[in-house]
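The numbering used here puts the first residue of the sequence shown at 59, with every later residue one more than the last.
Every residue, glycine too, gets a C-beta built ideally from N, C-alpha and C.
In this text, all values refer to a predicted model and were calculated from it rather than measured experimentally.
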Amino acid sequence: MKRIMILGLSLLMALFIACEDKKDDAVVEESTVITVTTGNVNDGSFYYNLTIAAEDTNTWHVSLQNIDAGGGYYMPSIVLNNSVMVTIDTSVNFDELEEIPSNDQWSTDISIVAYGGDNEVLNYDQTNHTINVSNDNILIYIPTTHQVFKLHFDEYSDGIVLFQFDEMH
Numbered sequence: 059m060k061r062i063m064i065l066g067l068s069l070l071m072a073l074f075i076a077c078e079d080k081k082d083d084a085v086v087e088e089s090t091v092i093t094v095t096t097g098n099v100n101d102g103s104f105y106y107n108l109t110i111a112a113e114d115t116n117t118w119h120v121s122l123q124n125i126d127a128g129g130g131y132y133m134p135s136i137v138l139n140n141s142v143m144v145t146i147d148t149s150v151n152f153d154e155l156e157e158i159p160s161n162d163q164w165s166t167d168i169s170i171v172a173y174g175g176d177n178e179v180l181n182y183d184q185t186n187h188t189i190n191v192s193n194d195n196i197l198i199y200i201p202t203t204h205q206v207f208k209l210h211f212d213e214y215s216d217g218i219v220l221f222q223f224d225e226m227h
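The structure is reproduced here in structure tokens:
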């Protein structure tokens with residue numbers, strides 16, 4: 059009887075030890091950086107929808123437009139739709155940016171990235187008559203979908219802008 063009990067307990071312990079807890083490991087969401095080359099702003103404004111990752115003149119979040127700079131001059135400018143909120147990050151480079159800012163860092167003042175704004179993306183250098191691109195990371199929050207995107211504008215050349223973006227989680 060003792061042997062049967064020991065054998066039964068051994069089998070029960072073996073079964074208990076062999077049964078593995080099937081917890082799913084934390085799902086790591088892969089980053090999908092998308093690079094966008096705009097149309098030429100001299101041919102017309104360019105409008106882009108971040109949620110569908112496509113050009114969209116109806117439901118857009120970021121655009122490239124020529125803005126009246128006065129005196130009959132127009133300057134290329136990054137313009138955000140007034141339905142989004144924005145914050146600027148200069149602490150790390152684009153690839154290292156992973157942390158979504160707290161609620162108090164978001165602003166409804168979308169003009170900060172436009173021509174003449176405190177953090178304008180495209181800056182006209184009057185000395186050598188070139189347009190320089192800011193190295194800031196632009197973070198955009200879309201309240202209707204509760205999505206956050208990080209953007210980095212890489213290049214401006216003859217009316218065309220190259221930028222990259224990725225959704226943050």
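query = Considering only residues of the same chain and omitting the five flanking positions on each side of Tyr105, which have a CB-CB separation below 7 Å?
reply = Taking the first residue of the sequence shown as 1, we reach residue 105 at position 47. If we look at Tyr105 and ignore the five residues flanking it on each side, its Cβ neighbours are Glu113, Asp114, Thr115, Trp118 and Ser121.
query = Under a three-way DSSP split, which group does Glu178 fall into?
reply = For the purposes of this step, residue 178 is taken as the residue at position 120 of the sequence shown. Correct three-state label for Glu178: coil.
ask   = By Cβ distance, which residues of its chain are closer than 7 Å to Asn139, with the 5 residues on each side in sequence left out?
value = The residue labelled residue 139 in the question sits at position 81 within the sequence shown. Trp118 and His119, listed in sequence order.
ask   = Going by DSSP, what residues sit across from Thr145 in a beta bridge?
value = Here residue 145 corresponds to residue number 87 of the sequence shown, with the count starting at 1. According to DSSP, Thr145 bridges with Leu197.
ask   = Going by beta carbon distance, what residues of the same chain come within less than 7 Å of Gly128, once the five residues before and after it are set aside?
value = By 1-based counting over the sequence shown, the position of residue 128 is 70. Cβ within range, chain order: n/a, list empty.
query = Roughly how many angstroms separate the alpha carbons of Val206 and Asp101, rounded to a whole number?
reply = The residue given as residue 206 occupies position 148 in the sequence shown. The residue given as residue 101 occupies position 43 in the sequence shown. Approximately 30 Å, taken between the alpha carbons.
message = Just to check my reading of the structure: Leu197 and Thr145 have Cβ atoms closer than 8 Å, yes? What is that Cβ distance to the nearest angstrom?
response = Position 139 of the sequence shown, counted from the first residue, corresponds to residue 197. Position 87 of the sequence shown, counted from the first residue, corresponds to residue 145. Confirmed, Cβ separation roughly 5 Å.
key: DSSP-derived helix/strand/coil call for Val150   = Along the sequence shown, read from residue 1 onward, the residue named residue 150 stands at position 92. Coil at Val150, not helix or strand.
ask   = Taking DSSP as the reference, what is the three-state secondary structure of Ser169?
value = To locate residue 169, count along the sequence shown from 1; it is residue 111. If DSSP states are grouped into helix, strand and coil, Ser169 belongs with the helices.
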